[in-house]
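*Asks:* Encoded as structure tokens, here's the structure I'll be asking about.
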Ligand code: ATP
Ligand code: MG
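Numbering (our numbering), first residue to last: 436 to 867.
Structure representation (structure tokens):
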């Protein structure tokens, strides 16, 4: 029988006698997304197939989330919402097939490589993207759905760099009485705390929380930086209490009209009622603010979108298809090799403290705390000196209000040399 964790490499396999998997496009919390071809069509049609990790197959909450994602996407027929083509959930396999977004995600525009600092986008590109995201989000809200996970990774781009809003796995009906903090953002409190509105931490999610997240994203596109940065605990405090930063604090090179700060004062307001009533209203307010008569915009310094092996995405309007395909192909081949290497490496190292730790984190995102605990415990059983598991278990205790246990684990992680745990610990010791 196949090992449940870590996931196997399914490249080269045919799923459901129909979808041929080529290579991994990326890994999310609960599964791997593959570039695939639907061989039922002639010629075979490119698609993206998100395959749930086997270890989650027996987890009704995760399967439910996949089903919700497919069902939420299937309700839409909108030019800027990713189209779902098929899905299947059974005892052996769970997957969702969507259209393929050849130009990756907004995350890759904002941070073309892991080491680079964030990049600001040109104004006209921001306006273009914002308008499209706004129409998609308003459509979701109009249909009574909150997205709950607006972040750059979930803004995919088609071959003309048009927006395709994705990842409705956590979408919730607006009037769901059981709305809780459960799985805030697919990155949970951990991965997407950067975009989480203050009320989310109070377990009150609404469409204004999506608009807040879009405000954070807008700030990031404009300045190349997030309005708030830090650990999860520190982010939570900043979203709740810190003043909204001035655009100039994060982008000293930008000369801008004061009306622009007013946009962010409004959209990032701590009080949901003070925010824009729709994403379109935000988009219009932004456009209006940047057209306000004021000093000319200074161009961001040394922002070049030209990196080896990547198409020049700054000139998105004039993308030359042929060159893009060639460059893109080189990049994909490279990604394919690196991914295969990583997957081979991982499959030889099953059930390591690292894999248990990772699994614990995934459960934590779903607020399945006892399962998360078990996995961290298991990681520490295998390696009692594994600092990240102490840190994460410490954070878990912190979430559950067990301060003493949290301090104990974080202190152990610090003793083992874990610098992130030091930050968490100092936040715990010196709350603002
Ligand atoms: P999370 O688990 O927090 O949702 P994520 O959004 O990165 O994180 P997935 O939705 O599983 O996780 O997607 C993994 C990656 O695969 C994405 O970051 C994106 O780059 C890529 N991806 C997902 N769907 C598609 C698609 N339809 N076309 C092209 N790339 C895609
Ligand atoms: Mg996603």
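Even glycine gets a Cβ: it sits at the ideal position worked out from N, Cα and C. Predicted, not measured: the structure shown is a model, and the values here were computed from it.
On the premise that residue 469 lies in contact with residue 486, defined as a C-beta separation below 8 Å, what is that separation, rounded to the nearest angstrom?
*Replies:* Rounded, the Cβ-Cβ distance is 6 Å, consistent with contact.
*Asks:* Just checking residue 724 against ligand 2 - is the residue's beta carbon closer than 7 Å to any of the ligand's heavy atoms?
*Replies:* No, Cβ of residue 724 sits at least 7 Å from all heavy atoms of ligand 2.
*Asks:* Count the other CB atoms within 10 Å of the CB of residue 862; is the residue buried (16 or more) or exposed (fewer)?
*Replies:* Per the 10 Å Cβ criterion, buried.
*Asks:* Would you say residue 547 and residue 652 are within 8 Å of each other, going by their C-beta atoms?
*Replies:* Cβ distance not < 8 Å, so residue 547 and residue 652 don't count as in contact.
*Asks:* Only counting the same chain, and skipping five residues up and downstream in sequence, which positions put a Cβ closer than 8 Å to that of residue 760?
*Replies:* Residue placement at residue 760 is poorly supported in this model, since its pLDDT is 41, which falls under 50; the coordinates still yield a value, given next. So the list is empty, once near-sequence residues are dropped.
*Asks:* Output the distance between the C-alpha atoms of residue 662 and residue 678, rounded to the nearest integer angstrom.
*Replies:* Cα to Cα, the separation comes out at about 10 Å.
*Asks:* Under DSSP, the beta strand (DSSP E) around residue 663 begins and ends at which residues?
*Replies:* Note, residue 663: premise wrong, no beta strand (DSSP E); not H, not E.
*Asks:* Span of the alpha helix (DSSP H) holding residue 643?
*Replies:* 642–658 is the extent of the alpha helix (DSSP H) around residue 643.
*Asks:* Does DSSP classify residue 459 as helix, strand or coil?
*Replies:* Reduced to three states, the DSSP call for residue 459 is strand.
*Asks:* How about residue 493: is its C-beta nearer than 8 Å to some C-beta of chain B?
*Replies:* No chain B appears in the structure shown, which is made up of a single protein chain.
*Asks:* Less than 7 Å between the CB of residue 602 and some heavy atom of ligand 1, yes or no?
*Replies:* Yes, Cβ of residue 602 sits closer than 7 Å to a heavy atom of ligand 1.
*Asks:* Mind checking whether the beta-carbon of residue 795 lies closer than 7 Å to any heavy atom of ligand 1?
*Replies:* No, since every heavy atom of ligand 1 falls outside the 7 Å radius drawn around the Cβ of residue 795.
*Asks:* Return the first residue and the last residue of the beta strand (DSSP E) that residue 529 is part of.
*Replies:* Residues 529–534.
*Asks:* Would residue 833 be called buried (16 or more neighbouring beta carbons within 10 Å of its own) or exposed?
*Replies:* Its Cβ being crowded by 16 or more others within 10 Å, residue 833 is buried.
*Asks:* Quick check on residue 466: does DSSP put it in helix, strand or coil?
*Replies:* Three-state result, residue 466: strand.
*Asks:* Name the DSSP beta bridge partners of residue 701, please?
*Replies:* Residue 701 pairs with nothing; no bridge assigned.
*Asks:* Return yes when at least one heavy atom of ligand 1 lies under 7 Å from the C-beta of residue 598, else no.
*Replies:* For ligand 1, not one heavy atom lies less than 7 Å from the Cβ of residue 598.
*Asks:* How long is the line joining the alpha carbons of residue 474 and residue 527, rounded to whole angstroms?
*Replies:* If I take the Cα positions, the gap works out to 21 Å.
*Asks:* For the putative contact between residue 655 and residue 545, defined by C-beta atoms under 8 Å, what is the C-beta separation to the nearest angstrom?
*Replies:* That belief holds up - the Cβ atoms of residue 655 and residue 545 are roughly 6 Å apart, short of 8 Å.
*Asks:* State yes or no: is the C-beta of residue 501 within less than 8 Å of the C-beta of residue 529?
*Replies:* For residue 501 and residue 529, yes; Cβs fall inside 8 Å.
*Asks:* Kindly give me the distance between the Cβ atoms of residue 569 and residue 446, rounded to whole angstroms, as I take these residues to be in contact under 8 Å.
*Replies:* Going by Cβ atoms, the distance from residue 569 to residue 446 rounds to 37 Å, so no, they are not a contact pair.
*Asks:* What I want to know is whether the C-beta of residue 588 ends up closer than 7 Å to one or more non-hydrogen atoms of ligand 2.
*Replies:* Yes, Cβ of residue 588 sits closer than 7 Å to a heavy atom of ligand 2.
*Asks:* Is the stretch 517–524 in contact with the stretch 638–646, if contact means three or more CB pairs nearer than 8 Å?
*Replies:* Cβ pair count under 8 Å is below three, so no.
*Asks:* If you draw a straight line from the C-alpha of residue 648 to the C-alpha of residue 453, how long is it?
*Replies:* Distance between the alpha carbons of residue 648 and residue 453: 37 Å.
*Asks:* Does DSSP classify residue 519 as helix, strand or coil?
*Replies:* The answer is strand: DSSP assigns residue 519 an E or B state.
*Asks:* Taking residue 809 as part of the alpha helix (DSSP H), name the residues at either end of that continuous run.
*Replies:* Residues 804–817.
*Asks:* In whole angstroms, what separates the C-alpha of residue 496 from that of residue 803?
*Replies:* One C-alpha to the other measures close to 9 Å.
*Asks:* Between which residues of its own chain and residue 815 is the CB-CB distance below 8 Å, once the five residues before and five after are set aside?
*Replies:* Contacts found: 788, 821, 824, 825, 828.
*Asks:* Using only alpha-carbon positions, find the residue among 631, 627, 841, 698 that is nearest to residue 657.
*Replies:* Checked all of 631, 627, 841, 698; the closest Cα to residue 657 is 698.
*Asks:* Quick check: the Cα distance between residue 790 and residue 462, rounded to an integer number of angstroms?
*Replies:* The alpha-carbon atoms of residue 790 and residue 462 are separated by roughly 14 Å.
*Asks:* Would you mind reading off the limits of the alpha helix (DSSP H) that contains residue 843?
*Replies:* It spans 838–850 - the alpha helix (DSSP H) in which residue 843 sits, taken as one unbroken run.
*Asks:* Which residues in the same chain as residue 628 place their Cβ atom closer than 7 Å to its Cβ, once the five residues preceding and following it in sequence are excluded?
*Replies:* So the list reads 667, 670, 671, once near-sequence residues are dropped.
*Asks:* Please say whether residue 811 and residue 792 have beta carbons closer to each other than 8 Å?
*Replies:* Cβ atoms of residue 792 and residue 811: closer than 8 Å.
*Asks:* Figure out for me which residue from 722, 859, 855, 818 has the closest Cα to the Cα of residue 838.
*Replies:* Per the Cα distances, 859.
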